[in-house]
Amino acid sequence: METTVMSPAPAQEDRKIVAQRIAAEMFQQQPDWVTFFREVLGVDGLVRRLFNDPAELTEFEKSGEYAEIQQMLAKLRERSGAAADGKEPTRVITVRLPKSLHEALKTEAYGRKTSMNQLCISKLLQVIDAEMVPTEDPS
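The numbers in the sequence shown follow full-length UniProt numbering, run straight up by one, and end at 139.
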(Lines of atoms letter the chains of each structure in order from A; the text may use other names.)
(Lines give C-alpha, C1' and ligand atoms only; values in the text may rest on other atoms or scores of the structure.)
Protein backbone atom coordinates (compact mmCIF):
# COMPACT_ATOMS: atom_id res chain seq x y z
CA MET A 1 0.00 0.00 0.00
CA GLU A 2 1.34 3.40 -1.00
CA THR A 3 0.87 6.42 1.22
CA THR A 4 1.10 9.97 0.05
CA VAL A 5 2.51 12.43 2.51
CA MET A 6 1.37 15.98 1.97
CA SER A 7 3.96 18.51 2.99
CA PRO A 8 2.51 21.58 4.66
CA ALA A 9 2.53 24.88 2.82
CA PRO A 10 5.84 26.67 3.34
CA ALA A 11 5.86 29.03 6.30
CA GLN A 12 5.54 32.73 5.53
CA GLU A 13 9.18 33.25 6.50
CA ASP A 14 10.28 30.59 4.00
CA ARG A 15 8.13 32.17 1.28
CA LYS A 16 9.77 35.56 1.92
CA ILE A 17 13.18 34.02 1.33
CA VAL A 18 11.96 32.15 -1.77
CA ALA A 19 10.47 35.35 -3.22
CA GLN A 20 13.66 37.33 -2.62
CA ARG A 21 15.89 34.54 -4.00
CA ILE A 22 13.89 34.03 -7.21
CA ALA A 23 13.64 37.80 -7.73
CA ALA A 24 17.43 38.09 -7.28
CA GLU A 25 17.99 35.32 -9.83
CA MET A 26 15.77 37.12 -12.32
CA PHE A 27 17.46 40.46 -11.53
CA GLN A 28 20.84 38.91 -12.41
CA GLN A 29 19.49 38.26 -15.92
CA GLN A 30 18.98 42.05 -16.30
CA PRO A 31 15.45 42.05 -17.75
CA ASP A 32 13.74 45.33 -18.51
CA TRP A 33 11.87 46.71 -15.50
CA VAL A 34 8.41 46.02 -16.96
CA THR A 35 9.18 42.31 -17.36
CA PHE A 36 10.63 42.14 -13.83
CA PHE A 37 7.57 43.89 -12.40
CA ARG A 38 5.13 41.68 -14.29
CA GLU A 39 6.89 38.42 -13.39
CA VAL A 40 7.67 39.26 -9.76
CA LEU A 41 5.19 41.88 -8.51
CA GLY A 42 2.41 41.81 -11.09
CA VAL A 43 -1.12 40.48 -10.56
CA ASP A 44 -0.09 36.98 -11.69
CA GLY A 45 3.51 37.34 -10.53
CA LEU A 46 5.63 35.37 -8.11
CA VAL A 47 4.80 37.42 -5.01
CA ARG A 48 1.04 37.16 -5.41
CA ARG A 49 1.29 33.43 -6.08
CA LEU A 50 3.35 32.94 -2.90
CA PHE A 51 1.22 35.29 -0.79
CA ASN A 52 -2.33 34.84 -2.07
CA ASP A 53 -3.86 35.79 1.30
CA PRO A 54 -4.25 39.60 1.45
CA ALA A 55 -3.10 39.78 5.09
CA GLU A 56 0.04 37.76 4.33
CA LEU A 57 0.76 39.92 1.28
CA THR A 58 0.45 43.05 3.41
CA GLU A 59 2.88 41.60 5.95
CA PHE A 60 5.33 40.62 3.20
CA GLU A 61 5.19 44.17 1.81
CA LYS A 62 6.56 45.37 5.18
CA SER A 63 9.51 42.97 5.12
CA GLY A 64 13.16 43.49 4.31
CA GLU A 65 12.89 40.96 1.49
CA TYR A 66 10.18 43.03 -0.17
CA ALA A 67 12.29 46.18 0.24
CA GLU A 68 15.16 44.37 -1.52
CA ILE A 69 12.85 43.44 -4.41
CA GLN A 70 11.75 47.09 -4.65
CA GLN A 71 15.43 48.12 -4.81
CA MET A 72 16.02 45.66 -7.65
CA LEU A 73 13.07 47.15 -9.52
CA ALA A 74 14.39 50.68 -8.94
CA LYS A 75 17.84 49.70 -10.26
CA LEU A 76 16.31 48.21 -13.40
CA ARG A 77 14.29 51.40 -13.93
CA GLU A 78 17.47 53.50 -13.64
CA ARG A 79 18.96 51.92 -16.74
CA SER A 80 18.70 54.57 -19.38
CA GLY A 81 17.04 53.57 -22.59
CA ALA A 82 15.68 50.34 -21.12
CA ALA A 83 12.73 49.51 -23.31
CA ALA A 84 9.90 47.19 -22.44
CA ASP A 85 9.97 43.75 -23.96
CA GLY A 86 6.97 44.47 -26.19
CA LYS A 87 4.80 41.90 -24.40
CA GLU A 88 3.29 44.52 -22.13
CA PRO A 89 1.05 47.11 -23.79
CA THR A 90 1.14 50.62 -22.41
CA ARG A 91 -2.04 52.03 -20.91
CA VAL A 92 -2.90 55.65 -20.23
CA ILE A 93 -4.77 56.90 -17.20
CA THR A 94 -6.09 60.37 -16.55
CA VAL A 95 -5.82 61.59 -13.00
CA ARG A 96 -7.64 64.71 -11.90
CA LEU A 97 -5.76 66.51 -9.16
CA PRO A 98 -5.64 69.97 -7.66
CA LYS A 99 -3.38 72.52 -9.33
CA SER A 100 -1.28 72.81 -6.16
CA LEU A 101 -0.55 69.06 -6.18
CA HIS A 102 0.28 69.18 -9.90
CA GLU A 103 2.71 72.04 -9.28
CA ALA A 104 4.29 70.17 -6.36
CA LEU A 105 4.82 67.08 -8.55
CA LYS A 106 6.25 69.22 -11.34
CA THR A 107 8.67 70.88 -8.91
CA GLU A 108 9.67 67.54 -7.39
CA ALA A 109 10.27 66.01 -10.83
CA TYR A 110 12.42 68.98 -11.84
CA GLY A 111 14.39 68.76 -8.58
CA ARG A 112 15.00 65.06 -9.13
CA LYS A 113 15.95 65.64 -12.79
CA THR A 114 13.26 63.29 -14.07
CA SER A 115 9.96 63.53 -15.89
CA MET A 116 6.62 63.81 -14.14
CA ASN A 117 5.68 60.51 -15.75
CA GLN A 118 8.72 58.73 -14.28
CA LEU A 119 8.13 60.35 -10.89
CA CYS A 120 4.47 59.29 -10.86
CA ILE A 121 5.36 55.73 -11.88
CA SER A 122 7.89 55.64 -9.02
CA LYS A 123 5.25 56.84 -6.59
CA LEU A 124 2.68 54.34 -7.89
CA LEU A 125 5.12 51.45 -7.39
CA GLN A 126 5.43 52.19 -3.67
CA VAL A 127 3.42 50.35 -1.03
CA ILE A 128 1.09 52.61 0.89
CA ASP A 129 -0.62 52.08 4.20
CA ALA A 130 -4.29 51.21 3.71
CA GLU A 131 -5.20 53.87 6.26
CA MET A 132 -3.79 56.52 3.93
CA VAL A 133 -6.24 55.67 1.13
CA PRO A 134 -9.73 57.14 1.46
CA THR A 135 -12.55 54.77 0.60
CA GLU A 136 -15.30 55.80 -1.77
CA ASP A 137 -18.74 56.47 -0.35
CA PRO A 138 -21.03 53.73 -1.75
CA SER A 139 -24.03 56.08 -1.93
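Built from N, CA and C at the ideal position, the CB exists for glycine as well. Nothing here was measured: the structure is a model prediction, and the numbers come from that model.
For Ser100, the enclosing alpha helix (DSSP H) stretches over residues 99 to 111. Note that the stretch 16 to 36 touches the stretch 46 to 56; at least 3 beta-carbon pairs, one per stretch, sit closer than 8 angstroms. Here Arg77 has Trp33 as same chain residues with Cβ atoms under 6 angstroms from its own Cβ, once five neighbours each way along the sequence are excluded. When the alpha-carbon of Leu73 is set against those of Pro54, Asp137, Gln30, the nearest one is in Gln30.
Counting only residues of its own chain and dropping the five nearest sequence neighbours on each side, Phe51 has a CB closer than 6 angstroms to the CB of Leu57, Phe60.
Where Val34 is concerned, the enclosing alpha helix (DSSP H) starts and stops at 33 to 36.
Comparing alpha-carbon positions, the option among Arg112, Ser100, Ala130, Asp129 lying closest to Ser122 turns out to be Arg112.
In the three-state DSSP reduction, Lys87 falls in the coil class, being neither helix nor strand. Rounded to whole angstroms, the separation of the alpha carbons of Ile128 and Gly64 is 16 angstroms.
Within the same chain, Gly45, Leu73, Leu125 come within 8 angstroms of Phe37 by CB-CB distance, once the 5 residues on both sides are set aside. Taking every protein chain shown into account, the CB of Ile69 has 16 or more other CB atoms within 10 angstroms, so this residue is buried.
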